[in-house]
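Student: 327 is the number that my numbering gives to position 171 of the sequence shown; each next residue is one higher, with no gaps. The beta carbon of each residue, even a glycine, is placed where N, CA and C say it ideally should be. Note that this is a predicted model, so its numbers are computed, not measured.
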Amino acid sequence: MTVDTRSAVEDVLAGLDDDQRAAVLAPRGPVCILAGAGTGKTRAITHRIAHGVLTGTTAPQHVLAVTFTARAAGEMRGRLRGLGAEGVQARTFHAAALRQLRYFAPRVFSGKALPDLVDSKARLVGQAAARSRLRLDRTGVRDCTSEIEWAKSAMIEPAEYAAAAAKAARDVPIAPEQLAELYAGYEQVKRKMGVIDFEDLLRATVWAIEEHRDVADQIRAQYRHFVVDEYQDVNPLQQRLLDAWLGGRDDLCVVGDASQTIYSFTGATASYLIGFQRRYQRSTMVRLERDYRSTPQVVALANEVIAAASGVEAGVRLKLTGQRPPGPSPRSANFPDEPAEAVAVAARCRELIGSGTPASEIAVLFRTNAQSAAYETALADAKVPYVVRGVERFFERPEVREAMVLLRGAARAIEPGQPLAEAIAETLSAVGFRVGDPPSGGSAREKWEALAALVRLGEDFAAAHEGANLSTFTDELAERAAVQHAPTVDGVTLASLHAAKGLEWDAVFLVGLAEGTMPITFAKTPAQLEEERRLLYVGITRAREHLWLSWSSSRSPGGRASRRPSRFLPESAGGAGSGGARPGSKAAGTKSGPKSLPICRICGVALFDPAQRKLRRCGGCPSDYDEGLFGRMREWRALLAKEQKLPAYVIFTDATLIAVAEQMPASEQQLASIPGVGPRKLTLYGDAVLALVAGADPLSLTAPTTPDDDA
Numbered sequence: 157m158t159v160d161t162r163s164a165v166e167d168v169l170a171g172l173d174d175d176q177r178a179a180v181l182a183p184r185g186p187v188c189i190l191a192g193a194g195t196g197k198t199r200a201i202t203h204r205i206a207h208g209v210l211t212g213t214t215a216p217q218h219v220l221a222v223t224f225t226a227r228a229a230g231e232m233r234g235r236l237r238g239l240g241a242e243g244v245q246a247r248t249f250h251a252a253a254l255r256q257l258r259y260f261a262p263r264v265f266s267g268k269a270l271p272d273l274v275d276s277k278a279r280l281v282g283q284a285a286a287r288s289r290l291r292l293d294r295t296g297v298r299d300c301t302s303e304i305e306w307a308k309s310a311m312i313e314p315a316e317y318a319a320a321a322a323k324a325a326r327d328v329p330i331a332p333e334q335l336a337e338l339y340a341g342y343e344q345v346k347r348k349m350g351v352i353d354f355e356d357l358l359r360a361t362v363w364a365i366e367e368h369r370d371v372a373d374q375i376r377a378q379y380r381h382f383v384v385d386e387y388q389d390v391n392p393l394q395q396r397l398l399d400a401w402l403g404g405r406d407d408l409c410v411v412g413d414a415s416q417t418i419y420s421f422t423g424a425t426a427s428y429l430i431g432f433q434r435r436y437q438r439s440t441m442v443r444l445e446r447d448y449r450s451t452p453q454v455v456a457l458a459n460e461v462i463a464a465a466s467g468v469e470a471g472v473r474l475k476l477t478g479q480r481p482p483g484p485s486p487r488s489a490n491f492p493d494e495p496a497e498a499v500a501v502a503a504r505c506r507e508l509i510g511s512g513t514p515a516s517e518i519a520v521l522f523r524t525n526a527q528s529a530a531y532e533t534a535l536a537d538a539k540v541p542y543v544v545r546g547v548e549r550f551f552e553r554p555e556v557r558e559a560m561v562l563l564r565g566a567a568r569a570i571e572p573g574q575p576l577a578e579a580i581a582e583t584l585s586a587v588g589f590r591v592g593d594p595p596s597g598g599s600a601r602e603k604w605e606a607l608a609a610l611v612r613l614g615e616d617f618a619a620a621h622e623g624a625n626l627s628t629f630t631d632e633l634a635e636r637a638a639v640q641h642a643p644t645v646d647g648v649t650l651a652s653l654h655a656a657k658g659l660e661w662d663a664v665f666l667v668g669l670a671e672g673t674m675p676i677t678f679a680k681t682p683a684q685l686e687e688e689r690r691l692l693y694v695g696i697t698r699a700r701e702h703l704w705l706s707w708s709s710s711r712s713p714g715g716r717a718s719r720r721p722s723r724f725l726p727e728s729a730g731g732a733g734s735g736g737a738r739p740g741s742k743a744a745g746t747k748s749g750p751k752s753l754p755i756c757r758i759c760g761v762a763l764f765d766p767a768q769r770k771l772r773r774c775g776g777c778p779s780d781y782d783e784g785l786f787g788r789m790r791e792w793r794a795l796l797a798k799e800q801k802l803p804a805y806v807i808f809t810d811a812t813l814i815a816v817a818e819q820m821p822a823s824e825q826q827l828a829s830i831p832g833v834g835p836r837k838l839t840l841y842g843d844a845v846l847a848l849v850a851g852a853d854p855l856s857l858t859a860p861t862t863p864d865d866d867a
């Protein structure tokens with residue numbers, strides 16, 4: 157070893173802490189690095205690779221480092237060049253597979269080139285749905301596409317889908333049998349077009365290696381040392397490809413953190429990370445627990461949240477130790493309603509920017525994309541620039557643009573005097589929106605949440621403007637959209653917790669931390685609930701110095717203060733044990749919890765959402781309505797709508813009819829308590845609805861009398 161090389165090796169080891177040095181110097185063979193947030197995992201693995209190259213124990217062209225994003229791969233290549241390890245391949249799974257398959261395509265595809273790779277499955281899924289005469293809107297296509305991606309990542313064939321989805325407790329957007337048929341149809345469309353998707357790319361590479369000995373020998377001769385970053389996010393198909401690359405060898409270094417497993421809905425699983433030592437019994441295990449990102453105060457809260465975790469992932473959790481100087485304690489706050497919470501966050505952002513924190517070093521993180529609307533509005537009103545990461549801006553989303561068109565049209569036809577929120581909900585029922593009844597499927601739920609945000613915005617607008625109607629509300633929406641279309645370059649980041657993974661900021665606001673949102677109502681099983689806890693943990697560990705945690709007691713101004721802070725928040729952050737109320741807040745001094753709230757008549761869970769309380773069931777619980785009554789009411793509504801030349805939803809929405817069929821009112825008083833049945837509709841249609849509940853034939857009912865007829 158030359159003097160220059162010896163000096164370069166010393167430079168690689170300089171500045172590492174004891175655990176990072178142990179990771180770098182671990183002997184060749186299976187090595188597992190459990191690396192917590194902010195502990196320098198990228199530093200450890202790049203220095204390990206560089207140390208092997210500089211000492212001559214590994215040749216750079218024989219190393220393949222694999223990660224999950226092009227950004228992470230690019231960062232790794234840059235660091236390796238800076239350390240003198242030129243020639244190391246750092247790529248994503250798909251980029252590495254594509255490079256190999258293109259090279260070997262003539263050999264494995266009978267002299268033909270690699271088929272074209274489709275950028276998006278959605279168009280082909282839509283074609284397959286049309287061929288099967290399955291009616292799906294854009295949101296349905298997106299959700300079904302996600303299910304197909306999950307199945308392919310888990311190596312599940314169409315015929316196996318229904319059973320596998322049931323076993324995995326998947327939240328399926330359509331009937332499992334229909335989705336299995338759609339999956340098969342998608343594969344047929346793809347074959348007919350002669351194209352492949354990203355999962356096919358990995359499967360074809362696996363097949364090329366496992367079924368073509370010459371291909372396997374050449375790839376394994378080229379790549380002899382493997383490094384896999386974010387190993388907790390590997391799915392079964394990616395693991396199969398890694399096994400094919402290895403070919404029974406064990407020169408493998410993986411790095412990951414089971415406490416940051418938040419993508420199981422895509423097929424990712426921490427089981428390979430957790431089971432690494434069982435698979436490789438002579439493996440070396442290194443734990444990185446010194447956190448160089450966050451202040452000790454932020455680290456302490458993160459540790460407190462994850463310490464209560466359960467499940468297999470908790471068995472390998474890490475306890476972080478903050479290495480930075482002390483900073484401010486995390487701030488927790490409870491507000492009377494969501495708009496007040498958003499206004500307070502915007503004001504605090506202005507304070508931080510005014511005191512020298514760059515806007516780009518501030519993030520507002522939320523559980524669902526639909527929550528961004530309130531913060532876009534509050535930041536715009538406060539003249540704070542912002543950027544939305546990972547999603548479209550609220551007023552640019554297709555469902556919101558479509559809803560605004562419908563509302564403008566309805567403003568010209570809706571009957572004067574109708575409550576604004578009711579008019580909005582009825583109008584949006586034309587695109588399948590039902591108050592208090594979110595659908596299955598991730599994209600469908602996102603669409604529902606966005607439309608529900610419009611309804612809540614209408615409620616707030618009506619409370620603040622006497623005589624508000626659809627016309628003035630649509631004018632307000634247009635003004636808000638215009639303000640929020642202003643170009644922003646350097647601004648506060650608005651992002652979902654999932655989109656924030658792998659990023660960090662000086663100041664982080666974690667908002668909407670109330671039961672029903674964190675954890676989200678759709679998380680039912682213990683495993684799903686634990687993933688929600690890990691999602692909060694990931695959010696906390698994004699903050700370097702300033703951390704804000706907040707929730708609101710109700711959705712809208714003047715609403716009943718019925719929400720509780722998230723069960724995952726410890727007492728030190730205003731969670732369980734303290735009630736989450738702050739002096740002077742609307743929730744202060746009030747009781748909360750299942751004993752003081754109505755419970756779902758199906759599953760017994762406490763109900764926090766006002767619409768769910770009126771229906772007396774969770775949005776996620778199956779409806780137990782009288783199907784015969786529901787059918788008769790729909791028939792009566794159709795006849796009446798035709799006679800009066802009105803859209804059916806103007807008479808009653810499906811959601812209202814379902815509520816009637818569930819609750820079976822026997823009197824006007826009981827009927828009037830159902831959402832969607834106001835005094836005017838009770839006068840016009842009450843007798844007919846009660847007659848239908850009593851068993852009347854829709855054809856036997858005459859048109860309802862008007863108030864003038866009564867006179």
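For Trp604 and Glu460, what's the separation of their Cα atoms in angstroms?
Tutor: So the alpha carbons of these two residues sit roughly 34 Å apart.
Student: If you draw a straight line from the C-alpha of Pro492 to the C-alpha of Ser585, how long is it?
Tutor: Each residue's alpha carbon lies about 29 Å from the other.
Student: Taking Ala465 and Glu686 to be in contact with their CB atoms under 8 Å, please state how far apart those CB atoms are, rounded to whole angstroms.
Tutor: Yes, they are in contact, since the Cβ atoms of Ala465 and Glu686 sit about 6 Å apart, within 8 Å.
Student: If you count every other CB in all the chains shown that lies within 10 Å of the CB of Tyr259, and 16 or more means buried, which is it?
Tutor: So Tyr259 ends up on the exposed side.
Student: Expressed to the nearest angstrom, what Euclidean distance is found between the alpha-carbon atoms of Gly282 and Val297?
Tutor: Distance between the alpha carbons of Gly282 and Val297 is about 6 Å.
Student: Using C-beta distances below 6 Å, list every residue in its chain close to Ala193, excluding the 5 sequence neighbours before and after it, in chain order.
Tutor: Hits under 6 Å: Thr697.
Student: I believe Gly240 touches Ala206 by the beta-carbon criterion, under 8 Å. Please report the beta-carbon distance rounded to the nearest angstrom.
Tutor: That pair is a contact at about 6 Å.
Student: If you draw a straight line from the C-alpha of Glu305 to the C-alpha of Gln344, how long is it?
Tutor: Each residue's alpha carbon lies about 15 Å from the other.
Student: Is it the case that the Cβ atoms of Tyr428 and Pro186 are separated by a distance below 8 Å?
Tutor: Cβ atoms of Tyr428 and Pro186: not closer than 8 Å.
Student: Consult DSSP for Ser734 and reduce its assignment to one of helix, strand or coil.
Tutor: In this predicted model, Ser734 has a pLDDT of only 34, less than 50, meaning its place in the structure is not dependable enough to derive any value.
Student: Is the segment 523 to 531 close to the segment 485 to 505, with three or more CB pairs under 8 Å?
Tutor: These segments touch.
Student: Apart from the five residues just before and just after Ala489, which ones in its own chain have a Cβ nearer than 6 Å to its Cβ?
Tutor: Excluding residues within five positions, the ones whose Cβ falls inside 6 Å are Ser706.
Student: For Gly695, tell me which candidate among Asp173, Lys539, Leu650 has the shortest Cα-Cα distance.
Tutor: Minimum Cα distance to Gly695 is reached at Leu650.
Student: Is the Cβ-Cβ distance between Glu445 and Leu474 less than 8 Å?
Tutor: A contact, by the Cβ cut-off of 8 Å.
Student: Considering only DSSP beta bridges, list what Gly478 is partnered with.
Tutor: Gly478 pairs with Asp447.
Student: Can you tell me which of Gln217, Gly267, Val274, Pro262 puts its alpha carbon nearest to the alpha carbon of Ala246?
Tutor: Comparing Cα-Cα distances from Ala246 to each of Gln217, Gly267, Val274, Pro262, the minimum goes to Gln217.
Student: In chain order, what are the residue ranges of uninterrupted alpha helix (DSSP H) at least 4 long that sit wholly in the segment 681 to 719?
Tutor: With a minimum length of 4 residues, the continuous alpha helix (DSSP H) runs that stay inside the segment 681 to 719 are 682 to 696.
Student: Out of curiosity, what's the CA-to-CA distance linking Val845 and Thr225?
Tutor: The straight-line gap from Cα to Cα measures roughly 57 Å.
Student: Check each candidate in Thr202, Val540, Ala252 and name the one with the smallest Cα separation from Arg233.
Tutor: The option with the nearest alpha carbon to Arg233 is Thr202.
Student: Between which two residues does the beta strand (DSSP E) harbouring Val648 extend?
Tutor: Its beta strand (DSSP E) spans residues 648 to 652.
Student: Pull the bridge partners of Gln245 from the DSSP assignment, please.
Tutor: According to DSSP, which records beta bridges pairwise, Gln245 is partnered with Leu220.
Student: Less than 8 Å separating the beta-carbons of Ile330 and Ala320?
Tutor: Taking 8 Å as the Cβ cut-off, Ile330 and Ala320 do not qualify as a contacting pair.
Student: Kindly say whether Gly483, judged by its beta-carbon, lies nearer than 8 Å to any beta-carbon of chain C.
Tutor: In the structure shown, chain C cannot be found, because there is only a single protein chain.
Student: Mind checking Asp447: buried by the 16 CB within 10 Å criterion, or exposed?
Tutor: Classification of Asp447: buried, given that the 10 Å Cβ count is 16 or more.
Student: Please name the residue in Val180, Phe786, Cys188 whose C-alpha comes closest to that of Arg199.
Tutor: The shortest C-alpha separation from Arg199 is found at Val180.
Student: Does DSSP classify Thr440 as helix, strand or coil?
Tutor: Strand.
Student: Would you say Ile430 and Gly467 are within 8 Å of each other, going by their C-beta atoms?
Tutor: Not in contact: Ile430 and Gly467 (Cβ atoms no closer than 8 Å).
Student: Determine the direct distance from the alpha carbon of Leu669 to that of Gly735, and round the result to whole angstroms.
Tutor: Any answer about Gly735 is weak, because its pLDDT of 35 lies below 50 and its placement is not dependable; what the coordinates show is given next. Roughly 13 Å separates the two Cα atoms.
Student: First and last residue of the alpha helix (DSSP H) that includes Phe265?
Tutor: That residue, Phe265, is in no alpha helix (DSSP H); it is neither H nor E in DSSP.
Student: Roughly how many whole angstroms lie between the Cα atoms of Leu827 and Ala637?
Tutor: Rounded to whole angstroms, Leu827 to Ala637 spans 38 Å at the Cα level.
Student: In the DSSP assignment, find the alpha helix (DSSP H) that holds Leu397 and state where it starts and stops.
Tutor: Unbroken alpha helix (DSSP H) run through Leu397: 392 to 402.
Student: Within 10 angstroms of the Cβ of Ser450, are there 16 or more other Cβ atoms? Answer buried if so, exposed if not.
Tutor: Ser450 comes out buried.
Student: If you follow the beta strand (DSSP E) that Asp662 is part of, which residue opens it and which one closes it?
Tutor: Asp662 -> beta strand (DSSP E) spans 661 to 666.
Student: Going by DSSP in three states, Leu855 sits in which element: helix, strand or coil?
Tutor: Three-state DSSP puts Leu855 in a helix.
Student: Using 8 Å as the threshold, is the C-beta distance between Val591 and Ala811 below it?
Tutor: Going by C-beta atoms, Val591 is nearer than 8 Å to Ala811.
Student: With Val387 as the anchor, note down where its beta strand (DSSP E) starts and where it stops.
Tutor: The amino acid occupying residue 387 in the given sequence is Tyr; Val does not appear at that position. From DSSP, Tyr387 is part of no beta strand (DSSP E); its letter is neither H nor E.
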